[in-house]
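Enquirer:
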Amino acid sequence: MKILYVTDLHGDKEKYRKTLELAIEKEINVIVNGGDMLPKLGERHLEQPEFINGFLRDYFGELQDNNITYLTMLGNDDLLTVDALFEDVCGEFENVHNIAGKKIYIDGYEIIGMNYILDHPFGCKDRVITEKRYIPQRQLSPFAGISNEYGYDRIFNWFEYSRTELPQMCDVLDGLPAPENPQRAIYVMHMPPAGLKLGQLLYQDLDIGSADIYDFLKVEQPLLTLHGHIHESPDTEKGTWINQIGRTTCIQPGQTERYNSKMVYVELDLRNKKYLRQITTI
Numbered sequence: 011m012k013i014l015y016v017t018d019l020h021g022d023k024e025k026y027r028k029t030l031e032l033a034i035e036k037e038i039n040v041i042v043n044g045g046d047m048l049p050k051l052g053e054r055h056l057e058q059p060e061f062i063n064g065f066l067r068d069y070f071g072e073l074q075d076n077n078i079t080y081l082t083m084l085g086n087d088d089l090l091t092v093d094a095l096f097e098d099v100c101g102e103f104e105n106v107h108n109i110a111g112k113k114i115y116i117d118g119y120e121i122i123g124m125n126y127i128l129d130h131p132f133g134c135k136d137r138v139i140t141e142k143r144y145i146p147q148r149q150l151s152p153f154a155g156i157s158n159e160y161g162y163d164r165i166f167n168w169f170e171y172s173r174t175e176l177p178q179m180c181d182v183l184d185g186l187p188a189p190e191n192p193q194r195a196i197y198v199m200h201m202p203p204a205g206l207k208l209g210q211l212l213y214q215d216l217d218i219g220s221a222d223i224y225d226f227l228k229v230e231q232p233l234l235t236l237h238g239h240i241h242e243s244p245d246t247e248k249g250t251w252i253n254q255i256g257r258t259t260c261i262q263p264g265q266t267e268r269y270n271s272k273m274v275y276v277e278l279d280l281r282n283k284k285y286l287r288q289i290t291t292i
């Protein structure tokens, strides 16, 4: 079985089209999208529902016409308030699966999605949780917000709120569907594990990752994990796109920014356990 893995497209239609083009060209019939699917630079409350109802619905139809299975989930830059709409649109297509918090069987493999991340310095706190060993970052906004239908519920004492009200990453991980056979399990987690240089920042010597995810994978030992979130990590001096936790291979391909003429993806040959990071021109 072969998979084309891509992440952090942030509503870039050309990257979506290129992903489909590559899958057809390479005769790959499964695409996995690791999250942060929707536009984020404009008015998210208007643009994200429009993108789902319009472009994504048409795109899912093209995937169906080409017999391509699409496994995907929203990320932290995709508003919580569009979850129901996204689930409904995915449900219109037999080949499209929203894997957030779910387990999907494909060709004998179990694919499990988890789209929560640890806190970051940005104002939108959708899908943000915490863990005991997390060190809070300095915030860039005077208040934080969790999206509602029309805007954001503002939280002015975010530091206190984050310490006392947010779910723990370990509890979220423990609540995921368990694989029947870890050796054929693939976790898609938008957040990378800590300590592997899969979340290395470019302008700060900091590896953004979850210690709880690392501990979870060290115990569970799935075949493969797929991550995203920190776009630049693989192309920094200290960062990498692939690493190991015991028998588990962890992959974070990174991504170019929106409207860049390049796109990053990974070809996964599961039968031969060969993984190839590629950078292509759109």
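Counting in my numbering, the sequence shown runs from 11 upward without gaps. For glycine and all other residues, C-beta sits at the position ideal for the given N, C-alpha and C.
1. Please classify residue 110 as buried or exposed, where buried requires at least 16 neighbouring CB atoms within 10 angstroms.
2. Can you tell me whether residue 254 is buried or exposed? The criterion is at least 16 other CB atoms within 10 Å of its CB, across all chains shown.
3. Whether or not the region 244-262 and the region 206-218 are in contact is what I'm after, with contact meaning three or more pairs of Cβ atoms, one per stretch, closer than 8 Å; do they touch?
4. Residues in its own chain within less than 8 Å of residue 14 by CB, not counting five upstream and five downstream?
5. Is it buried or exposed, residue 94, if we count other Cβ atoms within 10 angstroms and call 16 or more buried?
6. Using a 10 Å radius around the Cβ and a threshold of 16 neighbouring Cβ atoms, would you call residue 58 buried or exposed?
7. Closest by CA to residue 199, which one among 226, 25, 63, 52?
8. When you compare each of 285, 158, 124, 290 to residue 270 by their alpha carbons, which one comes out closest?
9. Considering just the uninterrupted stretch of the beta strand (DSSP E) at residue 122, what are its terminal residues?
10. So, under 8 Å CB-CB, residue 243 and residue 141 are touching, yes? Tell me the CB distance rounded to an integer number of Å.
11. Taking contact to mean at least 3 C-beta pairs separated by less than 8 Å, is the region 100-109 in contact with the region 126-142?
12. Candidates 186, 213, 145: which alpha carbon is nearest residue 170's?
13. At a cut of 8 Å, does the region 160-178 reach the region 229-237 through at least three beta carbon pairs?
14. Quick one: grab the DSSP three-state call for residue 86.
15. Given the structure, does residue 110 come close to the ligand NAP, in the sense that its CB is under 7 Å from one of the ligand's heavy atoms?
16. If you follow the alpha helix (DSSP H) that residue 35 is in, where does it begin and where does it stop?
17. Determine whether the beta carbon atoms of residue 241 and residue 202 lie at a separation below 8 Å.
18. Count the other CB atoms, across all protein chains shown, that sit within 10 Å of the CB of residue 174; report buried if there are 16 or more and exposed otherwise.
19. For residue 262, which option in 147, 114, 45 has the closest C-alpha, if you only look at C-alpha atoms?
20. By how many angstroms is the C-alpha of residue 281 removed from the C-alpha of residue 86?
21. On the DSSP letters alone, give me the boundaries of the alpha helix (DSSP H) that residue 179 sits inside.
22. By the three-class DSSP mapping on this structure, what secondary structure does residue 55 have?
23. Determine, using beta-carbon pairs with one atom in the region 63-77 and one in the region 114-133, whether at least three such pairs fall under 8 Å.
24. Buried or exposed for residue 89, going by 16 or more other Cβ atoms inside 10 Å?
25. Can you tell me whether residue 74 is helix, strand or coil according to DSSP?
26. For residue 79, I'd like the list of residues in its chain whose CB is within less than 7 Å of its CB, leaving aside the five on either flank, ordered along the chain.
27. Measuring straight from C-alpha to C-alpha, what distance separates residue 156 and residue 181?
28. Just the Cα atoms here: how many angstroms apart are residue 195 and residue 189?
29. Among all the DSSP beta bridges, which residues are the ones paired with residue 270?
Expert: On the basis of the data shown:
1. As a first step, residue 110 must be located in the sequence shown, where it is residue number 100. So residue 110 counts as buried.
2. Residue numbering aside, residue 254 sits at position 244 when the sequence shown is read from its first letter. Within a 10 Å sphere around the beta-carbon of residue 254 sit fewer than 16 other beta-carbons, which makes this residue exposed.
3. As far as the Cβ criterion goes, the region 206-218 touches the region 244-262, which means the pair count is three or higher.
4. Residue numbering aside, residue 14 sits at position 4 when the sequence shown is read from its first letter. For residue 14, where only same-chain residues beyond five positions count, the Cβ hits under 8 Å are 29, 32, 33, 36, 38, 40, 41, 42, 275, 276, 277, 278.
5. Counting from one through the sequence shown, the residue named residue 94 turns up at place 84. Label assigned to residue 94: exposed.
6. For the purposes of this step, residue 58 is identified with residue 48 of the sequence shown, where counting begins at 1. Classification of residue 58: buried, given that the 10 Å Cβ count is 16 or more.
7. Locating residue 199 in the sequence shown gives position 189, counting from the first residue. Nearest option by C-alpha distance: 226.
8. The sequence position of residue 270 within the sequence shown is 260, counting from 1. With distances taken between Cα atoms, residue 270 lies closest to 290.
9. For this step, residue 122 is matched to residue 112 along the sequence shown. Counting along the chain, the beta strand (DSSP E) containing residue 122 begins and ends at 119-124.
10. By one-based count along the sequence shown, residue 243 stands at place 233. By one-based count along the sequence shown, residue 141 stands at place 131. Beta-carbon to beta-carbon, residue 243 and residue 141 are separated by about 20 Å, too far to satisfy the 8 Å threshold.
11. Contact between the region 100-109 and the region 126-142 is not established, with fewer than three Cβ pairs separated by less than 8 Å.
12. The residue given as residue 170 occupies position 160 in the sequence shown. Of the candidates 186, 213, 145, the one whose C-alpha sits nearest the C-alpha of residue 170 is 145.
13. Segment contact: the region 160-178 against the region 229-237, fewer than three CB-CB distances shorter than 8 Å; contact not assigned.
14. Start at 1 with the first residue of the sequence shown, and residue 86 comes out as number 76. Three-state DSSP puts residue 86 in coil, outside helix and strand.
15. As far as ligands go, the structure on display features none, and thus does not contain the ligand NAP.
16. Against the sequence shown, residue 35 aligns to sequence position 25. Residues 23-36.
17. Here residue 241 is taken as the residue at index 231 of the sequence shown, counted from 1. Here residue 202 is taken as the residue at index 192 of the sequence shown, counted from 1. Against a cut-off of 8 Å, the Cβ pair of residue 202 and residue 241 comes out as no contact.
18. Within the sequence shown, the letter at position 164 stands for residue 174. Residue 174 is classed as exposed because its beta carbon has fewer than 16 other beta carbons within 10 Å across all chains shown.
19. In the sequence shown, counting from the first residue as 1, residue 262 sits at position 252. Measuring from the Cα of residue 262, the nearest candidate turns out to be 45.
20. Here residue 86 refers to the residue found at position 76 when the sequence shown is read from its first residue. Here residue 281 refers to the residue found at position 271 when the sequence shown is read from its first residue. Distance from the CA of residue 86 to the CA of residue 281, rounded to the nearest whole angstrom, comes to 32 Å.
21. Counted from its first residue, the sequence shown places residue 179 at position 169. It spans 179-184 - the alpha helix (DSSP H) in which residue 179 sits, taken as one unbroken run.
22. Residue numbering aside, residue 55 sits at position 45 when the sequence shown is read from its first letter. Note: residue 55 maps to helix in three-state DSSP.
23. Verdict: no, contact absent.
24. Here residue 89 refers to the residue found at position 79 when the sequence shown is read from its first residue. Label assigned to residue 89: buried.
25. For the purposes of this step, residue 74 is taken as the residue at position 64 of the sequence shown. Residue state, collapsed to three classes: helix.
26. Within the sequence shown, numbered from 1, the residue matching residue 79 stands at position 69. Counting only Cβ-Cβ distances below 7 Å, and skipping sequence neighbours, we find 39, 40, 105, 116.
27. Within the sequence shown, the letter at position 146 stands for residue 156. Within the sequence shown, the letter at position 171 stands for residue 181. C-alpha separation (whole angstroms): 20 Å.
28. For the purposes of this step, residue 195 is taken as the residue at position 185 of the sequence shown. For the purposes of this step, residue 189 is taken as the residue at position 179 of the sequence shown. Rounded to whole angstroms, residue 195 and residue 189 show a C-alpha spacing of 6 Å.
29. Here residue 270 refers to the residue found at position 260 of the sequence shown. DSSP, once it has assigned bridges, lists no residue as partnering residue 270.
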